[in-house]
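Below is one structure; the comments refer to it alone.
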Amino acid sequence: MAAVFRTTTPHMLRDSQQLGSRTLMGGLSGFESPVGMDRRDRLDALRTGDIGFVHSWDINTSVDGPGTRMTVFMSGCPLRCQYCQNPDTWRMRDGSPVYLDAMVAKVERYKDLFASTGGGITFSGGESMMQPAFVSRVFRAAKEMGVHTCLDTSGFLNQNYTDEMIDDIDLCLLDVKSGDEETYRKVTGGTLAPTITFGKRLAARGKKIWVRFVLVPGLTDSVENVERVARICEEFDGAVEHVDVLGFHQLGRPKWHQLRIPYPLEDCKGPSKELRERVAAQFRDHGLVVY
Ligand code: SF4
0 MAAVFRTTTP
10 HMLRDSQQLG
20 SRTLMGGLSG
30 FESPVGMDRR
40 DRLDALRTGD
50 IGFVHSWDIN
60 TSVDGPGTRM
70 TVFMSGCPLR
80 CQYCQNPDTW
90 RMRDGSPVYL
100 DAMVAKVERY
110 KDLFASTGGG
120 ITFSGGESMM
130 QPAFVSRVFR
140 AAKEMGVHTC
150 LDTSGFLNQN
160 YTDEMIDDID
170 LCLLDVKSGD
180 EETYRKVTGG
190 TLAPTITFGK
200 RLAARGKKIW
210 VRFVLVPGLT
220 DSVENVERVA
230 RICEEFDGAV
240 EHVDVLGFHQ
250 LGRPKWHQLR
260 IPYPLEDCKG
270 PSKELRERVA
280 AQFRDHGLVV
290 Y
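Take 0 as the starting number for the sequence shown in numbering that gives the first Met the number 0 and just add one per residue.
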């Protein structure tokens with residue numbers, strides 16, 4: 000049977016046309032930025048989670064978790080993925096500071112919508128774990144309201160998260176960007192081990208995981224690499240509900256050009272149908288559900 004790929008898209012590979020048809024509102028509307036804070040005040044507030052630096056937010060369906068979701072894109076990322084679709088989120092200082100109370104009020108405003116659609120709040124990025132105090136305090140408030148919480152992350156900043164913070168995550172969209180250290184470093188500039196550790200910690204605390212794997216021809220597509228990603232999923236001990244195999248595309252290229260950052264995948268094409276099918280079959284051979 001031919002493999003079926005759902006058109007769900009992660010933060011770094013959001014298809015702007017699909018997103019346009021699903022996004023109800025967004026940008027940074029509805030938030031007052033803190034005024035009268037100097038640099039030191041801002042750093043203190045960032046550390047305590049009284050403010051967070053946000054790139055943008057939107058209300059969407061079928062993109063970042065179940066149901067209708069409020070997705071908040073945090074600014075700042077320690078990785079530099081070759082296929083990143085949002086290099087404009089890399090620097091935290093390029094985001095806008097938003098008060099914790101304003102974010103919590105926004106979640107409360109959509110509480111009924113989340114309840115009726117089985118949705119909730121998702122933190123994405125950039126890297127959502129770069130501002131752990133803000134994100135975890137919003138999640139704590141969301142759980143007190145009975146709102147579903149989802150963290151979209153690479154897990155690279157595993158050390159930033161305590162077990163108590165993990166307890167307020169209902170679902171994690173975990174990017175396993177590669178199966179071996181060497182390829183991971185080549186793809187992201189970072190190390191793979193923290194992702195595996197974070198996945199195991201989520202599993203140990205009974206959390207659900209949707210693994211995301213970006214399939215880039217010539218970069219992440221070798222049989223050995225995919226096998227290693229599948230084996231990592233197995234190590235998460237039944238926590239993985241499914242694997243999203245996401246075909247690379249070039250929709251982010253204009254942003255790299257705009258920011259004048261040398262773009263390493265200038266001539267890379269998306270995966271063929273045959274390649275997608277081969278990779279999906281590899282995951283299925285490990286008993287994993289693939290979308
Ligand atoms: S982890 Fe960071 S660099 Fe990688 S795709 Fe996401 S935002 Fe881009």
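The beta carbon of each residue, even a glycine, is placed where N, CA and C say it ideally should be.
- Secondary structure at W255: helix, using DSSP grouped into helix, strand and coil.
- Short note on G124: C-beta closer than 7 Å to some heavy atom of ligand 1.
- By the neighbour-count criterion, in which 16 or more other beta carbons inside 10 Å mark a residue as buried, A238 falls on the buried side.
- T47 sits exposed, since fewer than 16 C-beta atoms from the chains shown fall within 10 Å of its C-beta.
- Minimum Cα-Cα distance from I120 among the listed residues I168, L264, W209 and L191 corresponds to I168.
- If one requires a minimum length of 3 residues, the beta strand (DSSP E) runs lying completely within the stretch 163 to 193 are 170 to 174, in chain order.
- For I195, the three-state secondary structure derived from DSSP is helix.
- Within the DSSP secondary-structure output, W209 pairs in a beta bridge with L172 and H241.
- Per DSSP, the continuous beta strand (DSSP E) segment holding P96 begins and ends at S95 to Y98.
- Unbroken alpha helix (DSSP H) runs of no fewer than 4 residues, entirely contained in the stretch 70 to 154, are found at 99 to 108, 110 to 116 and 131 to 144, following chain order.
- Leaving aside the five residues that flank C149 on each side, the residues in its chain whose CB is nearer than 6 Å to its CB run, in chain order, G64, T121 and L170.
- According to the DSSP assignment, F282 belongs to no beta strand (DSSP E) but to the alpha helix (DSSP H) extending over K272 to D284.
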